[in-house]
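Following: one structure in structure tokens, then a few remarks.
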Amino acid sequence: KNHYYFVTTVCTNRSYIPVDVSNNMIFVYLFFCYVVLVGAMGKVAKRKSIEFERDSMNATAACDSLASKIEASGVWTSLLNVLRIAKSPAVMVFSNSGHYKLLHNFLCGLIARGLGHILAHMVIWSADEASYKALGNDWPQVSSISLANVFEANENAEKDAPFNSDGYAKFAAIKALMPWAANRLGFDTLVQDADLVWHKDVLAFLTNYDGAFMADSNRVDPTLRPCRRKEAPLIHAYVKTKNPSLFTSHECAAYRCVASVNGGFIFSRHSSRLQLALKFWFAKCPSIIQGRENQPALVQALKRIIPPGHCTYIGTNTTPTIPTFSVNRKKKFTPLTVLDVNTFASGQRVALALQARDRGDLVAFHCNFRFGWKSKCQTLQKMGMLYVQAFSVGGDVCTEPPFPRCKGGSCTAGKCIQRSSTPLLHDDT
């Protein structure tokens with residue numbers, strides 16, 4: 084019976100429930116566990132997980148259709164194949180023709196910063212066939228899967244979808260699927276937005292973490308944004324403070340840690356408890372589609388799984404290489420880390436990001452809180468993180484499609500691609 088309890092707990096990821104079982108049934112349960120584990124290790128290409136999620140989340144018609152198309156178009160099989168090829172952990176980015184300029188800048192940045200070896204870790208989810216083909220031409224050493232069959236022709240999957248727009252809603256749902264899909268197939272992964280640029284080797288920095296997020300805003304750091312009384316009800320709802328109107332700085336920090344995560348940068352190991360939170364995140368597809376964003380759903384999913392005190396903010400006064408994943412592995416929950424806003428900076432406070440860069444502290448910069456290519460391009464120029472050239476000689480890269488070569492003459496795919504008259508894809512900014 085003890086073997087049965089252990090097996091079902093590990094294999095089905097459910098709570099321990101005592102059940103009277105005869106010894107003759109143990110073999111049946113062990114065989115069931117073997118089948119589950121074989122699928123979890125990625126030896127079974129056809130996934131049934133999407134069907135389970137559709138039933139568990141009471142999906143709306145939009146989410147039901149999305150889940151069906153993802154499975155019918157062979158996304159699970161394609162993802163499994165590329166994850167087997169890519170080096171671990173996989174670095175996954177969602178992109179389309181409208182986002183390709185940003186993706187191109189990120190990849191060129193890896194070359195410019197001496198991080199070309201990261202290309203072997205890359206897995207791109209291409210929303211349209213044009214960007215999928217362009218990626219194969221410009222970056223053949225980068226793995227990718229096509230989502231062209233997941234979108235209808237009238238959904239304009241090739242165009243840029245501004246935050247909180249109707250087009251962004253479906254993109255947001257797929258982004259919520261990405262980290263859980265890789266973890267479910269048994270792979271560690273870092274999922275990031277296309278407008279995020281590395282200044283140093285991010286994977287080397289994340290070696291000692293089980294689950295790590297960038298902060299959505301600087302309020303995660305109480306030294307930058309002190310806790311306020313109006314937050315008391317929210318803190319009480321999560322931390323269960325003794326007095327709904329009062330809280331300690333520690334209780335505020337525990338609440339803010341989970342509430343401040345950013346879905347544009349998620350590092351997760353497939354063996355961590357975080358996988359369950361990511362599963363619940365995608366399960367909230369209906370609210371993501373309706374709200375046209377996935378951030379609130381992510382916070383809700385994390386609060387459901389990560390108890391207060393199990394999320395740690397690594398601030399400037401804390402050594403950022405604490406091996407959080409090795410702390411008490413036998414506990415039910417694995418610590419979650421929100422990374423230092425000075426080390427992993429956002430576009431909300433560019434001045435602080437510039438200071439961190441000049442000090443040598445900056446590891447990565449997320450050019451969020453900027454809308455459209457022109458605005459993001461100008462911010463990246465200011466940060467010294469623009470690595471693509473304009474189409475025309477002497478042209479403004481922020482108003483023209485980028486040249487298919489990396490800035491400074493670096494070649495994208497081991498060969499210099501020269502184009503004299505045709506821009507890279509189309510420019511809809």
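Numbering (our numbering), first residue to last: 84 to 512. Cβ atoms here follow ideal geometry from the backbone N, Cα and C, with glycine treated the same way.
Endpoints, the beta strand (DSSP E) within which residue i is located
i	result
G294	294-298
A473	471-473
C340	Run containing C340: none in the beta strand (DSSP E); it sits in the alpha helix (DSSP H), 332-342.
R488	485-489
Residue span of the alpha helix (DSSP H) that contains residue i, given as start and end
i	result
Y396	No alpha helix (DSSP H) contains Y396, which is instead part of the beta strand (DSSP E) from 394-396.
N220	212-221
P369	368-374
Q224	Neither: Q224 is in no alpha helix (DSSP H) and is coded neither H nor E.
A155	144-155
G192	183-195
N164	158-168
K386	378-388
A315	315-322
From the options, residue whose alpha carbon lies closest to that of residue i
i	options	result
S180	K242, C450, D293, G199	K242
P418	R356, C191, L329, A320	R356
G455	T482, V476, G477	T482
S429	G443, A447, V421, R442	A447
D284	Y183, F452, L190, V480	L190
H204	A173, N345, L445, V165	A173
K459	H319, L166, L185	L185
A295	P309, N345, R312	N345
L422	G478, G398, P487, A169	G398
C310	C335, N232, H282, V424	C335
A240	G269, L198, V471, Y183	Y183
T395	H333, P316, W364	H333
N232	N301, N291, L381, Y215	Y215
F452	L279, E235, A213, T420	L279
M297	E235, L149, T420	T420
L202	Q431, W281, K386	W281
R151	I194, I257, P485, K170	First, the amino acid is wrong: residue 151 is Ser here, not Arg. S151 has its Cα closest to that of I257, out of I194, I257, P485, K170.
M175	N291, M261, P484, V480	M261
Y470	G491, G477, A252	G491
R167	T290, A252, G269, W364	G269
L289	F350, N220, H200, E235	F350
N291	N301, R352, F177	R352
Minimum Cβ-Cβ distance from residue i to chain D less than 8 Å
i	result
A428	The structure shown contains no chain D; it holds only a single protein chain.
Per DSSP, cross-strand counterpart(s) of residue i
i	result
S209	S178, S229
W281	A447
F350	L273, A295
A173	T272
N266	BP columns for N266 are empty, so no partner.
N345	M297
Is the number of C-beta pairs between the stretch 378-392 and the stretch 335-352 that are closer than 8 Å three or more?
yes
Which whole runs of the alpha helix (DSSP H) in the stretch 410-469 are 4 residues long or more, in chain order?
433-442, 456-466
Say whether the stretch 207-218 touches the stretch 288-306, bearing in mind that this needs 3 or more beta-carbon pairs closer than 8 Å, one atom from each stretch.
no
May I ask you to verify whether the stretch 250-266 touches the stretch 320-329, counting CB pairs closer than 8 Å and requiring at least 3?
no
Give a yes or no on contact between the stretch 367-385 and the stretch 269-287, applying the rule of three or more CB pairs nearer than 8 Å.
no
State whether the stretch 431-442 contacts the stretch 459-469, with contact taken as three or more CB pairs (one from each stretch) at a distance under 8 Å.
yes
Using 8 Å as the cut-off, can you tell me whether the stretch 155-167 makes contact with the stretch 214-232, which would need three or more C-beta pairs spanning the two stretches below that distance?
yes
Count Cβ pairs between the stretch 314-323 and the stretch 362-373 that sit closer than 8 Å; are there 3 or more?
no
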